[in-house]
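*Asks:*
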Amino acid sequence: MSPVDDLPPLRDVIRRHGLTARKSLGQNFLLDLNLTLRIARAAGPLDGVTVVEIGPGPGGLTRALLAQGAPHVVAVERDPRSVAALQEVAERFPGRLTVIEGDALAFDVRPHIGSGPARVVANLPFNIATSLLVKWLTVEPWPPWYDALVLMFQREVAERIVAAPGSKNFGRLAVLAGWRAETRILFDVAATAFVPPPKVTSSVVRLMPRADPLRCDRSALERVTEAAFGQRRKMLRQSLKSLGIEPLALLDAAHLDPTARPEDIPIAGFVGLARALVAAHGAALS
Ligand code: SAM
Numbered sequence: 001m002s003p004v005d006d007l008p009p010l011r012d013v014i015r016r017h018g019l020t021a022r023k024s025l026g027q028n029f030l031l032d033l034n035l036t037l038r039i040a041r042a043a044g045p046l047d048g049v050t051v052v053e054i055g056p057g058p059g060g061l062t063r064a065l066l067a068q069g070a071p072h073v074v075a076v077e078r079d080p081r082s083v084a085a086l087q088e089v090a091e092r093f094p095g096r097l098t099v100i101e102g103d104a105l106a107f108d109v110r111p112h113i114g115s116g117p118a119r120v121v122a123n124l125p126f127n128i129a130t131s132l133l134v135k136w137l138t139v140e141p142w143p144p145w146y147d148a149l150v151l152m153f154q155r156e157v158a159e160r161i162v163a164a165p166g167s168k169n170f171g172r173l174a175v176l177a178g179w180r181a182e183t184r185i186l187f188d189v190a191a192t193a194f195v196p197p198p199k200v201t202s203s204v205v206r207l208m209p210r211a212d213p214l215r216c217d218r219s220a221l222e223r224v225t226e227a228a229f230g231q232r233r234k235m236l237r238q239s240l241k242s243l244g245i246e247p248l249a250l251l252d253a254a255h256l257d258p259t260a261r262p263e264d265i266p267i268a269g270f271v272g273l274a275r276a277l278v279a280a281h282g283a284a285l286s
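Under this note's numbering, the first residue of the sequence shown is numbered 1, with each subsequent residue one higher.
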């Protein structure tokens, strides 16, 4: 019998620790241990990998990650009630679970993960899921401190992360994610799997950081995508005016059609625009 089988049922943990779900904390718990095991397996072999889990809640996914062989799980949780509940799991897996009470948006987990490979696996609080993803995708230096992100999002957000050019979901998030990572939706999870059930279906997404993304200045890339997708129905020659540099010169330098709309531009095209913006600023300064 593994130490996981020995732990009390999650409903019991929730009842004893008064863990009634709070909407303000994006709390939708997974109590089906077969499902949490499926998510943990989707994270790949965990031998030798430190797993960072954001928002462990009552600990269903945490248990699965430990059962799947993660030698160390570092869990960051904002809700003190959950932190108390997780002590039982920590005791059952001595030295393998570190629970940190804190706000994952503000917290730098790097000092806690050691020098080996690290992976983020989480059923994220939906209200801050995109902000957390952007934080991980914009981390410096690159390649990042993690070797993969395996994360639950609302399906609509998952579709915006993996969207390809030409799709109505293609936008700033897809450019940033696709520039720095290979992205894939692994599987959907029905709303009924959560307690309480959210309004929409969720999806588990895997992002594998690219070792060598196309070279460009990240903030310039963010500026061009903000300008282009800020007015996504307009042609680039119009929307890029907000950058304060003659759009036709930028588009020419990036070899892009001035009448194109942003959703039709491949990621390499935005990288070309970012490079042109940096070059134009350099020229303006000299
Ligand atoms: N992992 C658990 C599960 O699958 O049942 C809970 C997932 S629930 C969707 C999100 C969790 O994130 C909650 O436990 C919530 O308290 C926690 N949380 C919310 N905001 C947070 C923040 N800023 N930093 C860390 N944890 C947070």
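The beta-carbon is built from N, C-alpha and C at its ideal position, and this holds for glycine as well.
Computed from a predicted structure; not experimentally measured.
Can you tell me whether N294 is buried or exposed? The criterion is at least 16 other CB atoms within 10 Å of its CB, across all chains shown.
*Replies:* Because the chain spans 1 through 286 in this model, residue 294 falls outside it and cannot be assessed.
*Asks:* Would DSSP call N127 helix, strand or coil?
*Replies:* Reduced to three states, the DSSP call for N127 is helix.
*Asks:* Can you tell me which of the three DSSP states L105 falls into?
*Replies:* The answer is coil: DSSP assigns L105 none of H, G, I, E or B.
*Asks:* What distance in whole Å lies between the Cβ atoms of P262 and A228, which are believed to be in contact at a cut-off of 8 Å?
*Replies:* That belief holds up - the Cβ atoms of A228 and P262 are roughly 4 Å apart, short of 8 Å.
*Asks:* How would you label P111, buried or exposed, when you count the other beta carbons within 10 angstroms and need 16 or more for buried?
*Replies:* Exposed, because fewer than 16 other Cβ atoms sit within 10 Å of the Cβ of P111.
*Asks:* Please confirm if the segment 112-121 is in contact with the segment 35-53, defined as three or more CB-CB distances below 8 Å between the two stretches.
*Replies:* At 8 Å Cβ cutoff, the stretches touch.
*Asks:* What is the residue span of the alpha helix (DSSP H) that S219 lies within?
*Replies:* Where S219 is concerned, the enclosing alpha helix (DSSP H) stretches over R218 to G230.
*Asks:* Kindly confirm or deny that the segment 70-85 and the segment 135-142 touch, where touching means at least three C-beta pairs closer than 8 Å.
*Replies:* With a cut-off of 8 Å, the segment 135-142 and the segment 70-85 do not count as touching, because too few Cβ pairs lie within range.
*Asks:* Verify the contact flag: N123, CB atom, against every heavy atom of the ligand SAM, threshold strictly below 7 Å.
*Replies:* Yes, the Cβ of N123 comes within 7 Å of a heavy atom of the ligand SAM.
*Asks:* With which residues is M152 paired in a DSSP beta bridge?
*Replies:* Answer is N123 and V204, bridged to M152.
*Asks:* Residue range of the alpha helix (DSSP H) that L19 falls in?
*Replies:* Counting along the chain, L19 falls outside any alpha helix (DSSP H), and DSSP gives it neither H nor E.
*Asks:* Between the C-alpha atoms of L124 and D257, what's the straight-line distance to the nearest angstrom?
*Replies:* If you take the alpha carbons of L124 and D257, they lie about 39 Å apart.
*Asks:* Answer yes or no: do G269 and A254 have a C-beta to C-beta separation smaller than 8 Å?
*Replies:* Their beta carbons are under 8 Å apart, which means G269 touches A254 by this criterion.
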